[in-house]
Every structure is written in structure tokens, then in C-alpha cells.
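First residue of the sequence shown? That's -4 in our numbering, and the numbers climb one at a time after it. Following: one structure in C-alpha cells, then a few remarks.
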Amino acid sequence: MQQFNDTSSILALLASRKSASAKAMGAPGPTTEQLAEILRLAVRVPDHGKLSPWRFILWEGAARAAFGDVMKARWQALHPDHAEQTLGVVHGLFLRAPTVLGVVSTAQEHPKIPLWEQQLSAAAVCMNILYAATAMGLGCQWNTDWVTYDAEIGAAMGLAPHEKLAGLIYLGTPTAPLEDRPRPDAAALLTRWQPS
Ligand SMILES: Cc1cc2nc3c(=O)[nH]c(=O)nc-3n(C[C@H](O)[C@H](O)[C@H](O)COP(=O)(O)O)c2cc1C
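Here's what the structure looks like:
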């Protein structure tokens, strides 16, 4: 099994791509130039109606620990009985990688384009980020975690009430070989429709 991703061709990348774990992701993260390039490639996705129904939030450097304070305070309010050790894990969530990129779905009701299609486009943005970062030799993982589903954390991130976090993409340099997992048998998922 390949420990790293094969970036020798587009098909090789598609066939070998696997996530790095946010738990094993060290510095460096993407450079400013790499990040700009990742975002440029990220938005090159199908987008019904050309609505650009997504935006990004970046956590780097001290902002990660500062947001850790926010997450810890919220966790403490939700689970007043939890021990300091758990609070430490919560505080350190964004400190696991040098760069944390939030992908926000800004989907809104539209006369022609269903909300679902706008949200799917945000998922495509997340996937493009994984491919772009992987092609650059970076490690990356698409996570959500409890913070994605907590309204108060969303407000602290600056999300408007209609916005949803599609993903938190952790970006950095893997500190351990990448682990693959068994992949589904795609052929078994295929049915061929026939008239009855
Ligand atoms: C929307 C979404 C949210 C995810 N959230 C988490 C998460 O919070 N924690 C986690 O360990 N993996 C999460 N995953 C799974 C990882 O992104 C990834 O699929 C997993 O680490 C396996 O890696 P692979 O990309 O090589 O299949 C999520 C995946 C998706 C699509």
C-alpha cells in the first residue's frame, strides 16, 4: 500500500488520494502563495446558476488558540462536568494543523436553483481543496466535528443564520505515513436501470 499520494498524473492522484489525519499534521502548512492557489482552484467547481454559494474562513497562527478559547468556553457551558483534560482537547482542536480552512455554504432560497444544489456545490469546493492540496504534496483532511453543528460556535465564526459550514479542512505536513482504508466496491453500487 502506498504511504503517500501518487501525484504523477491526474488519474494516479484520483486513484491514490487519501487523507492525512489532522492528529498527525505538522508544519509547514501551505504558503501564502499555495493557499491563494488552493482557493483559486477550489472555486473552479460546477455551480448551477453561477451563484458562487460559498466563502472561506481561515485560521492560522495565534487565531487557532484564540478560537480554541471560544470552543473551550462553549464546551464548558454545554458540559460543566467535563474534566480539564477534555477541555484541553477541545481547546487544541485547531492547533492540530498549521492551517484550518473553513468552507462555508452561503446557499439561500432562490427562485430557480434548489438549496440542495447550492449545498452540493460547496461539497465540490471541499473536494477540490483536497485534490489541490494533495497535488501540492500537502496533507489534508476534511472534518466537521461538533463545532460545525453548534449555533453559538457558528456565530463566533461569523456565520450568518442561513450559512452552514460545509467543512473544516486541516492542511499541513503529515508527520506519519498516510493510512488508507478499504474502499467500497464501486461495481457493487451500480444498478443498470431498465424499463419494467
Ligand atoms: C462532510 C464530512 C465530514 C467529515 N468529518 C470528519 C470528522 O469530523 N472527523 C473525522 O475524523 N473524519 C471526518 N470525515 C472523514 C474524513 O474526511 C476522511 O474521509 C477520513 O479521514 C478517511 O480518509 P480518506 O479521505 O482517505 O477516505 C468527514 C468527511 C466528510 C465528507
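Glycine included, every Cβ here is placed at the ideal spot set by N, Cα and C. These figures come from a predicted structure and were not determined experimentally.
- The continuous beta strand (DSSP E) containing residue 162 extends over residues 159 to 169.
- In this structure, DSSP gives residue 11 a helical state, which the three-state scheme calls helix.
- Relative to the non-hydrogen atoms of ligand 1, the Cβ of residue 107 never comes closer than 6 Å to any of them.
- For residue 108, there is no enclosing alpha helix (DSSP H), as DSSP marks it with neither H nor E.
- Taken in chain order, the unbroken stretches of beta strand (DSSP E) that lie wholly in the region 11 to 97 and span 3 residues or more are 49 to 55.
- In the three-state scheme derived from DSSP, where H, G and I count as helix and E and B as strand, residue 116 is classed as helix.
- Bounds of the beta strand (DSSP E) holding residue 134 are 134 to 138.
- By the neighbour-count criterion, in which 16 or more other beta carbons inside 10 Å mark a residue as buried, residue 6 falls on the exposed side.
- By the 16-neighbour rule on beta-carbons within 10 angstroms, residue 180 is exposed.
- For residue 161, same chain residues with a beta-carbon under 8 Å away, outside a window of 5 residues either side, are 49, 98, 99, 100, 114, 117, 118, 120, 121 in chain order.
- Annotated as distal: residue 152 and residue 33, with beta-carbon spacing of 7 Å or more.
- If you look at residue 146, you'll find it in the alpha helix (DSSP H) that goes 146 to 152.
- With a cut-off of 6 Å, the C-beta of residue 170 is classified as distant from ligand 1, since no heavy atom of the ligand falls inside that distance.
- For residue 156, there are no CB contacts under 8 Å within the same chain when 5 residues up- and downstream are skipped.
- Residue burial is scored here from C-beta neighbours: residue 142 has at least 16 other C-beta atoms within 10 angstroms and is therefore classed as buried.
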